[in-house]
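In my numbering, the protein residues as written are 544 to 712.
The following block contains the structure:
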């Protein structure tokens, strides 16, 4: 239970950080302008993204709001129904929800997502704190599913259920 509360608090803090960074960038760095953050590695660049990753689905604001909302609600339902109980799975879910909400808020309020982190050492789309949350949550979710879900959270009997009797068959 403590891990769930801590994960939820972290997710709320990251959602607040995402919105604050977006506000700060919007107010202090004109659209298209950049400034170094970690010279040679990451720069801050104000970008308005009207699509999803790599500007896919550009201009489909409401489709992206609906699709992202469905994902956030499905992940939230898994938490509420206690389908995910292991701390790593809970953390992954909370990060996905936090990042999804951060980008939904932008799309609903502004019509686009504010992105600001530009990797200078490789070609990669400009991204934001919410994107970091979603990607990190998905990666942790894959680790959770691969190594912990079967043992801790999968329903039913047999392998993976510590309460199941071992019949030896």
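By construction, the Cβ of each residue, glycine as well, lies at the ideal position given by its N, Cα and C atoms.
Note that the structure is a prediction, hence the values are computed from the model and not measured.
Alpha-carbon spacing of residue i relative to residue j, whole angstroms
i, j, result
"residue 606", "residue 646", "13 Å"
"residue 695", "residue 639", "20 Å"
"residue 579", "residue 625", "43 Å"
"residue 659", "residue 569", "9 Å"
"residue 675", "residue 642", "7 Å"
"residue 564", "residue 635", "22 Å"
"residue 662", "residue 610", "27 Å"
"residue 707", "residue 668", "Here the model assigns residue 707 a pLDDT of 44, short of 50, so the residue's position is not dependable, and the following value carries that caveat. Computed Cα separation, rounded: 47 Å."
"residue 593", "residue 604", "7 Å"
Burial state of residue i (16 or more Cβ within 10 Å)
i, result
"residue 680", "buried"
"residue 656", "buried"
"residue 574", "exposed"
"residue 684", "buried"
"residue 590", "buried"
"residue 682", "exposed"
Where the beta strand (DSSP E) through residue i begins and ends
i, result
"residue 578", "577-581"
"residue 658", "656-662"
Given residue i as reference, the closest of the options once Cα atoms are compared
i, options, result
"residue 596", "684, 677, 690 and 691", "677"
"residue 558", "637, 668 and 653", "637"
"residue 650", "618, 622, 601 and 621", "601"
Start and end residues, alpha helix (DSSP H) containing residue i
i, result
"residue 571", "545-571"
"residue 588", "Per DSSP, residue 588 belongs to no alpha helix (DSSP H); it is in the beta strand (DSSP E), 585-592."
"residue 615", "604-623"
Backbone secondary structure at residue i - three-state DSSP
i, result
"residue 677", "helix"
"residue 645", "helix"
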